[in-house]
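Worksheet: the structure to be examined is printed underneath.
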Amino acid sequence: MAYGQRTSAVLAAVTGLLCVLALLRGAQAQCGGFGASCRSFSIGGDGIFRAQCRNNAGQYVSASVATNPHISNEDGNLVDGSNYLASCRSTGYYSIGSTVRITAVCTRRSGATSNTYYEISRKVANYNGNLVWNNCRRRSLLESTGAAAGGGRKVLSA
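Numbering (mature numbering (1 follows the signal peptide of the UniProt record, and there is no 0)), first residue to last: -29 to -1, 1 to 129.
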């Protein structure tokens, strides 16, 4: 292989890697992650999640987002949906690093109750000091590059 061909191949590989990293970073930025730029969390019985979040100027400002329109009770488990407060009571939150979860006690179909949680940091983002609910899901690399729709290599199972 000639020197020019090797250089072109290396540049193409580096460019491809940078494109993949940009795709991955973009998918993460869209789908939440407010825990890294917010603090002083609380949630009330009304399901309003509150925090102090940094705006573009770097100042912490009050922010809030309603959780009830976005979370459901599925037999004692908090899942994507709506109206969980009809059969659950919000009890608090906890955070581990930048991961933030709200906790609740929810009624199961049997009538028993269940302690459960919902990881809101995967759905809520901080946009300039405002908490915004994003109805997105993290996409696999195959989906984000179009490979899952036949636009790329197929993943074969053994």
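Yeah, the Cβ is synthetic: ideal placement off N, Cα and C, and Gly gets one too.
- Judged by beta-carbon spacing, Ser66 lies beyond the 8 angstroms limit of Gly15, meaning their Cβ atoms are not closer than that value.
- Cβ atoms of Asn97 and Arg25 come within 8 angstroms of each other, at about 7 angstroms.
- It is roughly 27 angstroms from the alpha-carbon of Asn86 to the alpha-carbon of Gln23.
- Taking the C-beta atoms as reference points, Asn105 is found no nearer than 8 angstroms to Gly18.
- Residue pairing by DSSP places Ala57 opposite no residue, since no beta bridge is assigned to it.
- Between Cys77 and Asn39, the C-beta gap is not smaller than 8 angstroms, which leaves the two residues out of contact.
- DSSP places Ser43 in the strand class (E or B) of the three-state scheme.
- The distance from the Cβ of Ala75 to that of Cys59 is about 4 angstroms, consistent with a contact at the 8 angstroms cut-off.
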